[in-house]
Structure formats: structure tokens, C-alpha cells
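The block underneath contains the structure these notes are about, expressed in C-alpha cells.
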Amino acid sequence: METRLAAVYYDMATAPTVTPDRVNQVTRKTYPNYKVIVLNDDFNTFQYVAECLMKYIPGMSGDLAWDLTNQVHYEGQAIVWVGPQEPAELYHQQLRRAGLTMAPLEGA
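Right, dumping it as C-alpha cells:
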């Protein structure tokens, strides 16, 4: 009888344990986007603001730069670029150094 019990315990100890395979699961999280916002001021001209936007924001067309400049003037601010944090910080810094009045970076 003892050998039979030993066999039962042996079988129980070596039975496979089924667990979820979490090693192969990939959880992707997207990085948050940030808004680069130009504020209206009393000392930068329309021409200068539009030129800065075209110079520092990649792919900025003249027409869009003028539309955004008008939005800055008439609405007090405009979101000029939205995207990942690192380029947002760069564009924000470049525009600020050029003399534009900037809002703090804001999560989108």
C-alpha cells in the first residue's frame, strides 16, 4: 500500500501546471502628445510670427503660418504644433528664443 501512495504523490507532483503565458504578451503604451502654443503679444509683427513658424515648425506652409498668426492675433493664442514631447520642447524653445510669446508646453 505504501508504494501505491508514493506513486500517487509522484504523479501529483509532476503534473503540469497550466498558467497564462504572460512572457509573450506585449503591452504598448503610446507616448502623450504635447501642444506648442503661441500667445498674442504687442511687439511681434504678423510677418515676423509667420516667418518664425515657417522657419522652426517642420512642414509649415506660408498659408498655414498666416492662418495661425491671425488666430494668435484675434483669439489670443494658437496651437502651432502637436506631437511627441522631445520635438515639442525643441520647437517651443526655438520659438521662445526667437522672441515669440509662448504658453507653457501642454499635454494634448
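Going by full-length UniProt numbering, the residue at position 76 of the sequence shown is 76; the numbering climbs one at a time, nothing skipped. A virtual CB, placed ideally from N, CA and C, is assigned to each residue, including glycine.
In this structure, the CA atom of Y48 is about 51 Å from the CA atom of Q25. Taking 7 Å as the cut-off, the beta carbon of Y91 is found closer than this to the beta carbon of V36. Distances from the CA of P84 to each of P104, Y34, T101, A103 were compared; the closest alpha carbon is that of Y34.
Distance check between D42 and each of P104, L105, E106, L100 places L100 closest, using alpha-carbon atoms only. When only Cα atoms are considered, T69 and E86 end up about 24 Å apart.
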